[in-house]
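Each number in the numbering used here corresponds to the 1-based position in the sequence shown with 443 added.
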Amino acid sequence: MSVASRALNAVERIGNKLPDPVFLFLWLILGLIVLSMVGAGLGWSAINPVTGEQLTAESLISPANLERLIIGMPRTLADFPPLGIVITIIYGASVAERTGMFATAIRGALLNAPKSILTPVIVITGMVSHHASDASYVVVIPLAAVIFAAAGRHPLAGLAAGFAAVLGGYAGNLFPGASDALILGITEPAAQLIDPSYSVNIAGNWFFIVGVVFVFTPIVWFLTDRVIEPRLGKWTPSAGVAAPATSEKQLLTVDEKRGLKFAGLALLGMIALWTLITLLPNSPFVDPAAEPEQRFNPLYRSLVAFFAATFFITGGAYGVGSRSIQSHHDLVRMMREGIEQLAPYIVLAFFAAHFVAMFNWSGLGPILAVNAAAGFQTLSLPAPLLLICVVLISCFFDLFIGSASAKWSALAPVVVPMFMLLGISPEMTTAAYRMGDSVTNIATPLMSYFPLILTFAQRWDPKFGLGSLMATMLPYAGAFLIAGLIMVAGWVAFDLPLGPGVGVHYELPAHIVASPAP
Numbered sequence: 444m445s446v447a448s449r450a451l452n453a454v455e456r457i458g459n460k461l462p463d464p465v466f467l468f469l470w471l472i473l474g475l476i477v478l479s480m481v482g483a484g485l486g487w488s489a490i491n492p493v494t495g496e497q498l499t500a501e502s503l504i505s506p507a508n509l510e511r512l513i514i515g516m517p518r519t520l521a522d523f524p525p526l527g528i529v530i531t532i533i534y535g536a537s538v539a540e541r542t543g544m545f546a547t548a549i550r551g552a553l554l555n556a557p558k559s560i561l562t563p564v565i566v567i568t569g570m571v572s573h574h575a576s577d578a579s580y581v582v583v584i585p586l587a588a589v590i591f592a593a594a595g596r597h598p599l600a601g602l603a604a605g606f607a608a609v610l611g612g613y614a615g616n617l618f619p620g621a622s623d624a625l626i627l628g629i630t631e632p633a634a635q636l637i638d639p640s641y642s643v644n645i646a647g648n649w650f651f652i653v654g655v656v657f658v659f660t661p662i663v664w665f666l667t668d669r670v671i672e673p674r675l676g677k678w679t680p681s682a683g684v685a686a687p688a689t690s691e692k693q694l695l696t697v698d699e700k701r702g703l704k705f706a707g708l709a710l711l712g713m714i715a716l717w718t719l720i721t722l723l724p725n726s727p728f729v730d731p732a733a734e735p736e737q738r739f740n741p742l743y744r745s746l747v748a749f750f751a752a753t754f755f756i757t758g759g760a761y762g763v764g765s766r767s768i769q770s771h772h773d774l775v776r777m778m779r780e781g782i783e784q785l786a787p788y789i790v791l792a793f794f795a796a797h798f799v800a801m802f803n804w805s806g807l808g809p810i811l812a813v814n815a816a817a818g819f820q821t822l823s824l825p826a827p828l829l830l831i832c833v834v835l836i837s838c839f840f841d842l843f844i845g846s847a848s849a850k851w852s853a854l855a856p857v858v859v860p861m862f863m864l865l866g867i868s869p870e871m872t873t874a875a876y877r878m879g880d881s882v883t884n885i886a887t888p889l890m891s892y893f894p895l896i897l898t899f900a901q902r903w904d905p906k907f908g909l910g911s912l913m914a915t916m917l918p919y920a921g922a923f924l925i926a927g928l929i930m931v932a933g934w935v936a937f938d939l940p941l942g943p944g945v946g947v948h949y950e951l952p953a954h955i956v957a958s959p960a961p
């Protein structure tokens, strides 16, 4: 057995021994309780450089913290920032998904793609399809294989391109959506450990995620057309391989086209409405008393409501046009089903919320961040190199834990404050984490959708095994890692904006005199 095979087998064995993310958080909470007792007993402390406050470790079994834990348990869950944001967007996104708008738009984009640009169309569609939640996995990836086969190309090359776009390009998109709300919602309370006044909005990584689309698309295009497809060779159907289902290759129906037309008009109406409200005198979306770069913060923070309402209205318009909605009862049912599908996340959120809250109560987060930042300052490492470390750490954990929010809930309370003290904005640290989270998903068999993708592949080639899929996707993962590291380093080096009014660097408030950590 080769070294590479032994390494992959070791990764699989270790990953299979990890508990479910819910129990992972339970173990983290127990470890945190023990660590807080040790820290309080040894008198761990630091000075918050922003507020000048003396930070001391507190035991989580102290009477005050036990009271907060037991009596305040419902409030702890309700105050978990990502929960409210994600549920709000799901109300709208579930309508857009269940009326068929997302799936139809994806199918229409792929079926009408010219053969000469088939690969990049699949890649961009795959990245944008993240707004469609699970539809991106069960629609884009298998349909990409069907479209390649219909064009006389190897279907497994199409499947690989779709897989690379949906999973490897997870950080890329043209517009913010539920994943941005979820991840940046975790970033905000982590940043407030150092600066209680700091706020993060859903557009905080907008320019960065668009940059990912522009960087990753040509990579997938080149690798698919010049490396993967030639390696796969000419495709000839194996005995017993079924032809593509007619429904998968079927052109859009008259009802579906009408639905998309209605949805497009509704989208233009929503954009016009938001623009009008922004331009009105005394607009609630503009703060004239704020600094110039902060005046549109209310607008950026309104984007959660904007996307929720836009998904709801465009999805409803599509449903009326396509006749997938017959009455208002259908709308309510779709929203209810969307929340039901969110049940696993809500279960996880309960434990993640308590871990984050207890981490805050213990005071260990800012203490670790302040002292770690002081240690990094003595090393005088450049900011790009520091953020490269975040990308690599994210890549490593991604081999074992598929949930992006679970990993970030555990990492953010330490790395976000630490990098703020080193002059890096919470949004830039989040972007580096998201880049790392987008690399190794496509190459690890521990990713929850990996068996499903393998099933899709075996439809075209029954002998296509786990190792075949991993070998096909590893070139993408390696290229994404190199490009991601260069992109993160370049973003910092050129001090590019991450989103509207959001930059790479963070500066301590001018009226605060920083104090050295003891």
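For each residue, glycine too, the CB sits at the ideal point set by N, CA and C.
All values derive from a computational prediction rather than experimental measurement.
task = Round the Cβ separation of Gly-781 and Ala-536 to the nearest angstrom and send it over; I've been treating them as touching at under 8 Å.
result = Stepping through the sequence shown from its first residue, residue 781 is reached at position 338. Stepping through the sequence shown from its first residue, residue 536 is reached at position 93. Indeed, because the Cβ distance is near 7 Å, the residues count as touching under 8 Å.
ask   = Near Gly-758, what residues of its chain come up, given a Cβ to Cβ distance below 6 Å and the 5 sequence neighbours on each side ignored?
value = For the purposes of this step, residue 758 is taken as the residue at position 315 of the sequence shown. Closer than 6 Å at the Cβ level, and outside the excluded window around Gly-758, lie Val-538, Ala-539, Thr-542 and Met-544.
key: For Met-597, the three-state DSSP class (helix, strand or coil)   = Position 154 of the sequence shown, counting from 1, holds the residue named residue 597. For the record, residue 597 in the displayed sequence is His; it is not Met. His-597 falls in the coil class under three-state DSSP.
request  = Pull up the DSSP beta-bridge partners for Ser-640, would you.
outcome  = Position 197 of the sequence shown, counted from the first residue, corresponds to residue 640. DSSP, once it has assigned bridges, lists no residue as partnering Ser-640.
Exposure label - Ile-567; buried when at least 16 CB within 10 Å = Along the sequence shown, one-based indexing puts residue 567 at 124. Classification of Ile-567: buried, given that the 10 Å Cβ count is 16 or more.
Own chain, CB closer than 7 Å to Gly-469, minus 5 neighbours either side, in chain order = By one-based count along the sequence shown, residue 469 stands at place 26. For the sequence presented, residue 469 should be read as Leu rather than Gly. If we look at Leu-469 and ignore the five residues flanking it on each side, its Cβ neighbours are Phe-794.
message = Suppose you measure from the CA of Thr-630 to the CA of Glu-783; what does that come to, to the nearest Å?
response = Stepping through the sequence shown from its first residue, residue 630 is reached at position 187. Stepping through the sequence shown from its first residue, residue 783 is reached at position 340. About 26 Å.
request  = Give a yes or no on whether the C-beta atoms belonging to Ile-885 and Met-930 are separated by under 8 Å.
outcome  = Within the sequence shown, residue 885 is the residue found at index 442, counting from 1. Within the sequence shown, residue 930 is the residue found at index 487, counting from 1. No, these two residues do not count as a Cβ contact at 8 Å.
request  = Using DSSP bridges, identify the partner residues of Ala-489.
outcome  = Indexing the sequence shown from 1 puts residue 489 at position 46. DSSP output for Ala-489 lists Leu-498 as bridge partner(s).
ask   = Which residue's Cα is closest to the Cα of Ala-500: Leu-811, Val-790, Tyr-761 and Gly-942?
value = Position 57 of the sequence shown holds residue 500. The residue with the shortest Cα to Cα distance from Ala-500 is Leu-811.
task = Assign Pro-724 to one of two classes, buried (16 or more other C-beta atoms within 10 Å of its C-beta) or exposed (fewer than that).
result = What you label residue 724 is simply residue 281 of the sequence shown in a count that begins at 1. With fewer than 16 Cβ atoms within 10 Å of its Cβ, Pro-724 is classed as exposed.
ask   = Opposite Ile-867 in the DSSP bridges: which residues?
value = The residue you call residue 867 lines up with position 424 of the sequence shown. In the DSSP output, where bridge partners are listed per residue, Ile-867 has His-948.
query = Quick one, are the C-beta atoms of Gly-942 and Asn-648 less than 8 Å apart?
reply = Working through the sequence shown from its first residue, we reach residue 942 at position 499. Working through the sequence shown from its first residue, we reach residue 648 at position 205. The answer is yes: Cβ separation under 8 Å.
ask   = Going by Cα to Cα distance, which pick from Glu-510, Leu-695, Leu-675 and Met-516 is closest to Lys-906?
value = Within the sequence shown, residue 906 is the residue found at index 463, counting from 1. Between Lys-906 and the set Glu-510, Leu-695, Leu-675 and Met-516, the nearest pair of CA atoms involves Leu-675.
Cα-Cα separation between Pro-517 and Ala-796, rounded to whole angstroms = Working through the sequence shown from its first residue, we reach residue 517 at position 74. Working through the sequence shown from its first residue, we reach residue 796 at position 353. If I take the Cα positions, the gap works out to 10 Å.
query = Do you know whose CA, among Ser-823, Leu-711 and Ala-900, lies nearest Leu-865's CA?
reply = Position 422 of the sequence shown, counted from the start, is the residue given in the question as residue 865. Closest by alpha carbon: Ser-823.
request  = Specify whether the stretch 595-610 and the stretch 660-672 touch according to this definition: at least 3 beta carbon pairs, one from each stretch, less than 8 Å apart.
outcome  = yes
request  = Could you tell me if Leu-722 is buried or exposed, where buried requires 16 or more neighbouring beta carbons within 10 angstroms of its beta carbon?
outcome  = Along the sequence shown, one-based indexing puts residue 722 at 279. Result: exposed.
query = What residue range is occupied by the uninterrupted alpha helix (DSSP H) comprising Asn-803?
reply = On the sequence shown, residue 803 is found 360 positions in, with the first residue counted as 1. First-last of the alpha helix (DSSP H) with Asn-803: 786-805.
inquiry  = On the DSSP bridge list, what partners appear for Gly-942?
reply    = By 1-based counting over the sequence shown, the position of residue 942 is 499. According to DSSP, Gly-942 bridges with Val-945.
request  = Assuming Ser-837 and Val-945 form a contact by the criterion Cβ under 8 Å, report the distance between their Cβ atoms to the nearest whole angstrom.
outcome  = Indexing the sequence shown from 1 puts residue 837 at position 394. Indexing the sequence shown from 1 puts residue 945 at position 502. Between Val-945 and Ser-837 the Cβ distance is about 20 Å, and since that is not below 8 Å, they are no contact.
query = Between the C-alpha atoms of Gly-628 and Ala-546, what's the straight-line distance to the nearest angstrom?
reply = Against the sequence shown, residue 628 aligns to sequence position 185. Against the sequence shown, residue 546 aligns to sequence position 103. Cα to Cα, Gly-628 sits roughly 27 Å from Ala-546.
query = Going along the chain, which residues of its own chain have a beta-carbon closer than 6 Å to the beta-carbon of Glu-950, five neighbours each way excluded?
reply = Taking the sequence shown and counting its residues from 1, one reaches residue 950 at position 507. Closer than 6 Å at Cβ, skipping near neighbours: no residue.
key: beta-carbon Thr-667 near the ligand ADP non-hydrogen atom, thresh 7 Å   = In the structure shown, the ligand ADP is absent, as is every other ligand, since no ligand is present at all.
ask   = What are the start and end residues of the alpha helix (DSSP H) that includes Val-833?
value = Against the sequence shown, residue 833 aligns to sequence position 390. Following the DSSP letters along the chain, one finds Val-833 inside the alpha helix (DSSP H) bounded by residues 826-841.
key: Cβ-Cβ separation, Gly-551 to Leu-703 (assumed contact under 8 Å), whole Å   = The count along the sequence shown starts at 1 and reaches residue 703 at position 260. The count along the sequence shown starts at 1 and reaches residue 551 at position 108. Yes, they are in contact, since the Cβ atoms of Leu-703 and Gly-551 sit about 7 Å apart, within 8 Å.
With 16 other Cβ atoms within 10 Å as the buried cut-off, status of Glu-699 = Your numbering for residue 699 matches position 256 in the sequence shown. Classification for Glu-699: buried.
query = Taking C-alpha atoms, which residue in Ala-594, Ile-645, Ala-874 and Ala-621 lies nearest to Leu-785?
reply = Here residue 785 is taken as the residue at index 342 of the sequence shown, counted from 1. Answer by Cα proximity: Ala-621.
query = Do you know offhand how far Ile-789's Cα is from Ala-594's?
reply = Taking the sequence shown and counting its residues from 1, the one referred to as residue 789 is at position 346. Taking the sequence shown and counting its residues from 1, the one referred to as residue 594 is at position 151. Rounded to whole angstroms, Ile-789 to Ala-594 spans 42 Å at the Cα level.
request  = Return the chain-ordered list of same chain residues with a C-beta closer than 8 Å to the C-beta of Ala-592, the five sequence neighbours on each side being excluded.
outcome  = Indexing the sequence shown from 1 puts residue 592 at position 149. So the list reads Pro-598, Gly-601, Trp-678, Pro-687 and Trp-903, once near-sequence residues are dropped.
ask   = Expressed to the nearest angstrom, what Euclidean distance is found between the alpha-carbon atoms of Gly-879 and Leu-520?
value = By 1-based counting over the sequence shown, the position of residue 879 is 436. By 1-based counting over the sequence shown, the position of residue 520 is 77. When rounded, the distance between both Cα atoms is 28 Å.
For Ile-504, the three-state DSSP class (helix, strand or coil) = For the purposes of this step, residue 504 is identified with residue 61 of the sequence shown, where counting begins at 1. Ile-504: coil per DSSP, three-state reduction.
Buried versus exposed call for Thr-562 [16 or more other C-beta atoms within 10 Å across all chains shown] = To locate residue 562, count along the sequence shown from 1; it is residue 119. Counting Cβ neighbours within 10 Å, Thr-562 comes out buried, since at least 16 surround it.
task = Pull up the distance between the alpha-carbon of His-948 and that of Met-871, whole angstroms please.
result = Here residue 948 corresponds to residue number 505 of the sequence shown, with the count starting at 1. Here residue 871 corresponds to residue number 428 of the sequence shown, with the count starting at 1. Roughly 8 Å between the two C-alpha positions.
request  = Look at the alpha carbon of Ala-483 and the alpha carbon of Leu-475, and state the distance between them as a whole number of angstroms.
outcome  = Along the sequence shown, one-based indexing puts residue 483 at 40. Along the sequence shown, one-based indexing puts residue 475 at 32. In a straight line, the C-alpha of Ala-483 is about 12 Å away from that of Leu-475.
ask   = What are the boundary residues of the alpha helix (DSSP H) that Leu-694 is part of?
value = Residue numbering aside, residue 694 sits at position 251 when the sequence shown is read from its first letter. Premise fails: Leu-694 is in no alpha helix (DSSP H) and is neither H nor E.
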